[in-house]
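Below is one structure, written out as C-alpha cells, with a few remarks after it.
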Amino acid sequence: MALEHLCATICEENILISENVVHLIKDTSQQMDIWDEIKEEIKDFI
53 MALEHLCATI CEENILISEN VVHLIKDTSQ QMDIWDEIKE EIKDFI
C-alpha cells in the first residue's frame, strides 16, 4: 500500500512539474516574441 501511494505521489509530482515546464516554455517564448519586437523598434533608432 505504501509503495502504491508513493508511486501515485511521484506521478502527481511529475505531472505538476511537467505543467510548470510547459508554462515556463510558453512564458519564455512570449518574452522572446516581445524581445524581437523591441529589437525591431530599436533598429529604427540606430
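Note that our numbering has the sequence shown beginning at 53, numbered continuously upward. The C-beta atom is built at its ideal place from N, Cα and C for all residues, glycine as well. Keep in mind the model is a prediction, meaning the values are calculated, not measured.
Requested in this report: Grab me the residues of M84's own chain with a C-beta within less than 7 angstroms of its C-beta, minus the 5 sequence neighbours each way, in chain order.
Outcome: none
Report task. Could you have a look at I98 and say whether DSSP puts it in helix, strand or coil? Result -> coil
Query - Inter-residue Cα distance where the pair is L76 and S70 - result: 10 angstroms
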